[in-house]
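Visitor:
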Amino acid sequence: MSDDAFPIAEQIFRDALALPDPAPALLDLIKAHPTYAAVSDLLVSLTDVVEETPSRAEVLSIALVTVRDSPDAPTINGDTLVALFSRKLADLLSRGFELDDDAKTFAPTNRYLATSLLSGLAFKYGLTSSPDQYGNITNGLDARPDPSAYNSEVLVVGACIQLLTNGSGIIPAATSYIKSVDEVVLKLKAQKSAATVKDPNALKLLELAISHAESGFQKANDVDNVWEILFPPQK
36 MSDDAFPIAE
46 QIFRDALALP
56 DPAPALLDLI
66 KAHPTYAAVS
76 DLLVSLTDVV
86 EETPSRAEVL
96 SIALVTVRDS
106 PDAPTINGDT
116 LVALFSRKLA
126 DLLSRGFELD
136 DDAKTFAPTN
146 RYLATSLLSG
156 LAFKYGLTSS
166 PDQYGNITNG
176 LDARPDPSAY
186 NSEVLVVGAC
196 IQLLTNGSGI
206 IPAATSYIKS
216 VDEVVLKLKA
226 QKSAATVKDP
236 NALKLLELAI
246 SHAESGFQKA
256 NDVDNVWEIL
266 FPPQK
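Okay, so the sequence shown: first residue is 36 according to the numbering used here, each after it adds one.
#1: With distance defined between alpha-carbon atoms, name the residue in 226, 243, 86 nearest to residue 150.
#2: In the structure shown, what three-state DSSP assignment does residue 36 receive?
#3: Which residue spans inside the segment 164 to 211 form an unbroken alpha helix (DSSP H) run of at least 4?
#4: With DSSP as the reference, label residue 114 as helix, strand or coil.
#5: What are the start and end residues of each continuous alpha helix (DSSP H) run of 4 or more residues lying completely inside the segment 64 to 116, in chain order?
#6: To the nearest angstrom, how far is the alpha carbon of residue 78 from that of residue 168?
#7: With distance defined between alpha-carbon atoms, name the residue in 206, 100, 124 nearest to residue 216.
#8: Assuming residue 46 is part of the alpha helix (DSSP H), what are its boundary residues?
#9: Determine whether the beta carbon atoms of residue 58 and residue 102 lie at a separation below 8 Å.
#10: Going by C-alpha distance, which of 140, 130, 65, 40 is nearest residue 285?
#11: Taking all protein chains shown into account, decide if residue 106 is buried (16 or more other Cβ within 10 angstroms of its Cβ) or exposed.
#12: Who are the Cβ neighbours of residue 70 in its own chain at under 7 Å, not counting the five residues just before and after it?
#13: How do the segment 147 to 162 and the segment 187 to 203 stand: do at least 3 beta-carbon pairs fall below 8 Å, yes or no?
#14: Using the Cβ count rule (16 or more neighbours within 10 Å means buried), how would you classify residue 245?
#15: Between the C-alpha atoms of residue 208 and residue 80, what's the straight-line distance to the nearest angstrom?
#16: Tell me the rounded alpha-carbon separation between residue 173 and residue 62.
#17: Can you give me the C-alpha to C-alpha distance between residue 123 and residue 75, rounded to a whole angstrom?
#18: Can you tell which of 115, 54, 131, 139 has the C-alpha that lies nearest to the C-alpha of residue 97?
#19: How would you label residue 162, buried or exposed, when you count the other beta carbons within 10 angstroms and need 16 or more for buried?
#20: Distance cutoff 8 Å, beta carbons only. Does residue 231 sit that close to anything in chain C?
#21: Can you tell me which of the three DSSP states residue 161 falls into?
#22: By the three-class DSSP mapping on this structure, what secondary structure does residue 261 have?
#23: By Cβ distance, which residues of its chain are closer than 8 Å to residue 160, with the 5 residues on each side in sequence left out?
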């Protein structure tokens with residue numbers, strides 16, 4: 036990351052993001068440095084932290100919403116934080132969805148899975164939505180085993196993470212990508228039948244996603260602790 040926004044911006048943003056409630060400190064920083072570079076540094080720092088500690092993803096997403104919606108939030112060259120956060124976060128999510136060797140490793144350190152979580156939360160809290168976010172859901176629904184190219188299990192689980200986090204919001208808005216809830220049910224069940232998902236906790240997640248789809252993606256069935264189900268905390 037570049038420190039162009041202000042001296043040691045990366046460390047200062049990371050310190051703020053580590054607070055139990057990061058929003059007040061983040062808002063103060065953006066007010067003190069109302070530039071696109073500062074917004075960029077904030078969001079790059081946030082995505083880095085989510086990749087390192089996915090369990091913080093929801094707290095940090097809520098903090099972004101608080102900063103964005105604050106009556107004290109600055110405009111920057113005529114752009115609101117709503118627009119700036121949406122554009123930059125969509126770009127960072129697209130990068131996080133890039134498939135590389137890391138995507139073949141099913142582990143809490145998998146960037147693709149952490150990006151899927153942040154994407155689901157971005158949908159949930161209205162932070163951003165983009166073709167790449169929807170596209171990676173359909174990639175997971177349509178995944179086929181191909182060890183030479185990528186880990187199909189990771190793609191399926193990534194789709195389940197997003198659908199469980201905010202299926203109630205994603206599916207009604209995804210008509211250009213997904214024809215119907217029934218299509219999702221059939222494709223998720225096909226992945227289970229094909230044994231694409233082998234990790235026991237990931238299989239639990241797939242079964243939850245199937246149940247969520249069968250319910251019609253009712254809001255009451257969205258799941259708040261997806262990451263903890265997938266990677267239970269060590270006792």
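Glycine included, C-beta positions come from ideal geometry on N, C-alpha and C.
Values in this document were obtained by computation on a predicted structure and should not be read as measured data.
Guide: Let me lay it out:
#1: To locate residue 150, count along the sequence shown from 1; it is residue 115. For the residues 226, 243, 86, the minimum Cα distance to residue 150 belongs to 86.
#2: Within the sequence shown, the letter at position 1 stands for residue 36. Summary for residue 36: the model assigns pLDDT 44, below 50, so the residue's position carries little reliability; its value from the coordinates is reported in the next sentence. Residue 36: coil per DSSP, three-state reduction.
#3: Complete alpha helix (DSSP H) runs here, min 4: 166 to 176, 187 to 208.
#4: Here residue 114 refers to the residue found at position 79 when the sequence shown is read from its first residue. DSSP places residue 114 in strand when its eight states are reduced to three.
#5: 71 to 87, 92 to 104
#6: On the sequence shown, position 43 is the one that residue 78 refers to. On the sequence shown, position 133 is the one that residue 168 refers to. Each residue's alpha carbon lies about 17 Å from the other.
#7: As a working note, residue 216 is residue 181 in the sequence shown. Taking only the C-alpha atoms, the option nearest residue 216 is 206.
#8: For the purposes of this step, residue 46 is identified with residue 11 of the sequence shown, where counting begins at 1. Segment 44 to 52, the alpha helix (DSSP H) holding residue 46.
#9: Locating residue 58 in the sequence shown gives position 23, where the first residue counts as 1. Locating residue 102 in the sequence shown gives position 67, where the first residue counts as 1. In this structure, residue 102 lies closer than 8 Å to residue 58 by Cβ.
#10: This structure cannot settle anything about residue 285, because the visible part of the chain is limited to 36 through 270.
#11: For the purposes of this step, residue 106 is taken as residue 71 along the sequence shown, with counting starting at 1. Exposed.
#12: Residue numbering aside, residue 70 sits at position 35 when the sequence shown is read from its first letter. Excluding residues within five positions, the ones whose Cβ falls inside 7 Å are 40, 111.
#13: yes
#14: The residue given as residue 245 occupies position 210 in the sequence shown. Result: buried.
#15: Residue mapping note: residue 208 aligns to position 173 of the sequence shown, counting from 1. Residue mapping note: residue 80 aligns to position 45 of the sequence shown, counting from 1. Straight-line Cα distance between these residues: approximately 29 Å.
#16: Translated into positions along the sequence shown, residue 173 becomes position 138. Translated into positions along the sequence shown, residue 62 becomes position 27. Each residue's Cα considered, the two are about 35 Å apart.
#17: For this step, residue 123 is matched to residue 88 along the sequence shown. For this step, residue 75 is matched to residue 40 along the sequence shown. Roughly 7 Å between the two C-alpha positions.
#18: Here residue 97 refers to the residue found at position 62 of the sequence shown. When each option's Cα is compared against that of residue 97, the closest is 54.
#19: Within the sequence shown, the letter at position 127 stands for residue 162. Result: buried.
#20: Within the model displayed, chain C is absent; a lone protein chain is all it includes.
#21: Residue 161 sits at position 126 when you count from the first residue of the sequence shown. Looking at residue 161 - three-state DSSP - the assignment turns out to be coil, as it is neither helix nor strand.
#22: Within the sequence shown, numbered from 1, the residue matching residue 261 stands at position 226. In this structure, residue 261 counts as helix in the three-state DSSP scheme.
#23: Here residue 160 is taken as the residue at index 125 of the sequence shown, counted from 1. Excluding sequence neighbours, residue 160 sits near 96, 97, 99, 100.
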